[in-house]
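In the order they appear, the protein sequences are chains F and B.
So in this note's numbering the end of the first sequence lands on 666, straight run, no missing numbers.
So in this note's numbering the end of the second sequence lands on 122, straight run, no missing numbers.
Even for Gly, the Cβ is constructed at its ideal location relative to N, Cα and C.
Data first, discussion second: the structure below is written as structure tokens.
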Amino acid sequence: MQRIILRVLGGITALLLGLVVVTWLIWIPSAKEPGYVFVAAWGERGSAPGQFNDPTGITVYGGEVFVSDARNARIQVFDFDGRFKRQFGTKGDGPGQLGRPMNLTVAGDELYVADYWNDRVQVFALDGTPRRHIGKAGEGPGEFNAPGGVVVSAKGDLYVADFYGQRIQHLRADGGFIKQWGNTGKVGIWAGEFNYPTDVALAPDGTLYVADGYNDRIQVFGPDGKFLRKWGGPFGMNIFGPFNGWFTTVTSIDIGPQGNVFVADFYNNRVQKFTANGVFLSAFGGKGREAGQFDKPIAVAVANDGTVFVADYGNNRIQKWRPKEK
Amino acid sequence: MKKLMAILMLALVWNAAAFAAGTQYQMRVDGLACPYCAYGIEKKLKKIKGVDKIDVDLNKGLVTVNVAEGVELTEPQMVKLFKDAGFTYRSMTRRPL
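If you want it as structure tokens, here you go:
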């Protein structure tokens, strides 16, 4: 009898070990490229030029880095070496004023700001002149409930991550509603549903990538709007973790010059890089305050030369990284 | 007797000043994860008339709110507010400012 019990226990242990190995092989991929090296960091907590009080969004354009400085209710602009150039925006809800600016994008020589508290997308000239705003508070078509990120297509359409609206809205340049993904105000974990989406990115061919924040995954939709794929942990279904290819709250997404996908993996204190199809390539970062470490990286932007800029939220600074040479 | 009166008057003035200065509420909340959460809660709280100062400690799951004299935050009101913001309200303490 004792022998049978031992055999059964041995069998169960072998089965569990087998499952662990299979899980590891299937869902925990290894890096497929050398990764990135830390170049520089700038900023500290404060409200003076070059200081930050919650950097929450970042984008690059024409040799400049644009940063959402959320609690200071402003956008700060730097050159690629971190030298301060200008700032714009003040606290408030009037034209050109900001509540909590979040993820950013530049399109057609204009800066688009997801204005989380004011429930709108604000558009500025790159010198900071306010141009217009799109949307208002609400849950109707073209309305927002805390927009977290925005991206603009070549023909000027907007795609907006509507955080509390639990949806992605596709709008015309004038804000007219075209369509949406997700059920308004309802959290979901299945394909095409969202759990507090934070950001969006567009590939040149019109493929839409969504940072599905608390579902800990990326969702991808084709130019025709159809769901293509999702990734992040087993089955891309709200299973978080620290392993390669897994996430613990995704807060920002950008597409690199080669079409690769960069994701700010907030609670794992790293940035992860994937192919357009979601194959894990590399990751960089780690928790801390030293050079090359993050305290909750919240936003990521990739320049045309492959340099990556990261808004290091908890450390109130911006970090610059470049690809490791092979 | 004069001394006693003076102490009583002082206490009365101190209490009145404390009351006039408003109240601080501290609320424990489950599920706070990132600045999106903090800003979401702040956004909802600042819509309440009389709310002066809001501090959200993500690591401790603690929300501290100062309100003006005469303003009261109730438990049912906070339960709903935090539920709407996507979090679970746990408890609340209050003290005069």
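Residues near residue i by beta carbon distance below 8 Å, same chain, minus five either side
i: F/Ser387; result: Asn393, Asn412
i: F/Ala465; result: Asp449, Glu450, Leu451, Arg471
i: B/Ala43; result: Its pLDDT being 44, under 50, B/Ala43 is placed unreliably by the model, and the measurement read from it follows with that caveat. Same-chain partners within the cutoff: Pro121, Leu122.
i: F/Glu479; result: Asn485, Gly505, Thr524, Gly525
i: F/Asp514; result: Ile474
i: F/Val463; result: Glu450, Leu451, Tyr452, Val453, Pro470, Arg471, Arg472, His473, Ile474
i: B/Val38; result: Note that B/Val38 scores 46 on pLDDT, short of 50, meaning its location in the model is unreliable and no value can be drawn from it.
i: F/Asn294; result: Look at the range of chain F in this structure, 341 to 666, and you will see that residue 294 of chain F is not part of it.
i: F/Gly626; result: Asn609, Arg610, Gly632, Gln633, Phe634
Proximal residues of chain B, C-beta to C-beta of residue i below 8 Å
i: F/Phe503; result: Tyr61, Gly65
i: F/Ala447; result: None at all; the shortest Cβ gap to chain B is about 23 Å.
i: F/Ala410; result: Pro60, Tyr64
Residue i, enclosing alpha helix (DSSP H) - first and last residue
i: B/Tyr114; result: B/Tyr114 -> not in any alpha helix (DSSP H); beta strand (DSSP E) instead, spanning 113-121.
i: B/Pro2; result: The question about residue 2 of chain B has no answer here: the residues shown for chain B are numbered 26 through 122.
i: B/Met103; result: 100-109
Neighbouring residues, chain B, relative to residue i (Cβ below 9 Å)
i: F/Arg557; result: Neighbours of F/Arg557 on chain B: none; closest Cβ ~15 Å, over 9 Å.
i: F/Gly553; result: Ala58, Cys59, Tyr61
i: F/Gly488; result: Tyr61
Neighbourhood of residue i by C-beta distance below 6 Å, restricted to the same chain and skipping five residues each side
i: F/Val417; result: Glu404, Phe406, Lys425, Arg426
i: F/Gly468; result: Phe428
i: F/Pro435; result: Pro470
i: B/Ser116; result: Arg53
i: B/Gln49; result: Asn91, Arg120, Leu122
i: F/Asp652; result: Phe634, Pro637, Gln659
i: B/Thr118; result: Gln51
i: B/Asn40; result: Since pLDDT at B/Asn40 reaches only 48, below the 50 mark, its modelled position is unreliable, and no value is offered.
i: B/Ala110; result: Gly65, Ile66, Lys69
i: F/Thr591; result: Thr538, Ala604, Phe606, Ile638
i: F/Gln559; result: Val550, Asp552, Lys570
i: F/Phe477; result: Residue identity check: residue 477 of chain F is Ala in the sequence provided, not Phe. Asp459.
i: F/Arg414; result: Gln427, Gly429
Cut-off 7 Å between Cβ atoms - residues of its own chain near residue i, not counting five sequence neighbours on either side
i: F/Pro663; result: Tyr376, Gly646
i: F/Ala631; result: Phe378, Ala381
i: F/Ile562; result: Note on residue identity: the sequence assigns Gly, not Ile, to residue 562 of chain F. Excluding sequence neighbours, F/Gly562 sits near Thr547, Leu568.
i: F/Ala641; result: Ile398, Thr399, Val400, Asp594, Phe649
i: F/Lys580; result: The residue asked about is misnamed: residue 580 of chain F is Phe in this sequence, not Lys. Here the set comprises Asp556, Gly573, Trp586, Phe587, Thr588.
i: F/Gly599; result: Ala543, Ala616
i: F/Tyr565; result: Strictly speaking, residue 565 of chain F in this sequence is Gly, with Tyr absent from that position. The residues are Lys519.
For residue i, the first and last residue of its enclosing beta strand (DSSP E)
i: F/Tyr499; result: 498-502
i: F/Gln659; result: 657-663
i: F/Asn443; result: 441-447
i: F/Trp530; result: Per DSSP, F/Trp530 belongs to no beta strand (DSSP E) and is neither H nor E.
i: B/Asp82; result: 76-82
i: F/Ser408; result: 404-409
i: F/Val417; result: 414-419
i: F/Arg423; result: Careful: F/Arg423 lies outside any beta strand (DSSP E) and carries neither H nor E.
i: B/Val88; result: 87-92
i: F/Gly283; result: With chain F covering only 341 through 666, there is no way to say anything about residue 283 of chain F.
i: F/Val379; result: 376-382
i: F/Tyr549; result: 548-552
Interface partners of residue i on chain F, CB under 8 Å
i: B/Lys74; result: Here the premise fails: no neighbours, minimum Cβ distance about 17 Å.
Interface partners of residue i on chain B, CB under 7 Å
i: F/Phe587; result: By Cβ distance, chain B contributes nothing, its closest Cβ being about 12 Å from F/Phe587, past 7 Å.
i: F/Asp394; result: Pro60
Stretch-stretch touch, CB-based, cutoff 8 Å, three pairs: the stretch 526-540 of chain F with the stretch 505-516 of chain F: yes
Members of the stretch 451-472 of chain F that neighbour chain B once the beta carbon cut-off is set at 7 Å: Cβ contacts with chain B: Tyr456, Trp457.
Stretch-stretch touch, CB-based, cutoff 8 Å, three pairs: the stretch 449-459 of chain F with the stretch 630-648 of chain F: no
Contact between the stretch 66-77 of chain B and the stretch 389-409 of chain F (3+ Cβ pairs under 8 Å): Inter-segment contact for the stretch 66-77 of chain B and the stretch 389-409 of chain F is absent: fewer than three beta-carbon pairs are separated by less than 8 Å.
Residues in the stretch 78-99 of chain B having any Cβ partner in chain F nearer than 7 Å: none
Three or more C-beta pairs below 8 Å linking the stretch 513-525 of chain F and the stretch 533-540 of chain F: yes
Chain-ordered residues of the stretch 103-114 of chain B with a beta carbon less than 9 Å from chain F: Asp109, Ala110, Gly111
Contact the stretch 76-94 of chain B vs the stretch 54-65 of chain B: 3+ CB pairs below 8 Å: The stretch 76-94 of chain B makes contact with the stretch 54-65 of chain B; the number of CB pairs closer than 8 Å reaches 3 or more.
Short-range partners of chain B found in the stretch 422-440 of chain F, where Cβ spacing is below 9 Å: Only those residues of the stretch 422-440 of chain F whose C-beta falls short of 9 Å from the nearest C-beta of chain B are listed: Gly439, Arg440.
The stretch 89-105 of chain B touching the stretch 612-629 of chain F, judged by at least three CB pairs closer than 8 Å: no
Contact set between the stretch 590-624 of chain F and chain B, restricted to residues whose Cβ is under 7 Å from the partner: Thr591, Phe606
Positions along the stretch 512-542 of chain F whose CB lies within less than 9 Å of some CB in chain B: Of all residues in the stretch 512-542 of chain F, the ones placed with a Cβ closer than 9 Å to any Cβ belonging to chain B are Val527, Tyr536, Thr538, in chain order.
Interface positions of the stretch 629-654 of chain F facing chain B (Cβ-Cβ less than 9 Å), listed along the chain: Lys636, Ile638, Tyr653
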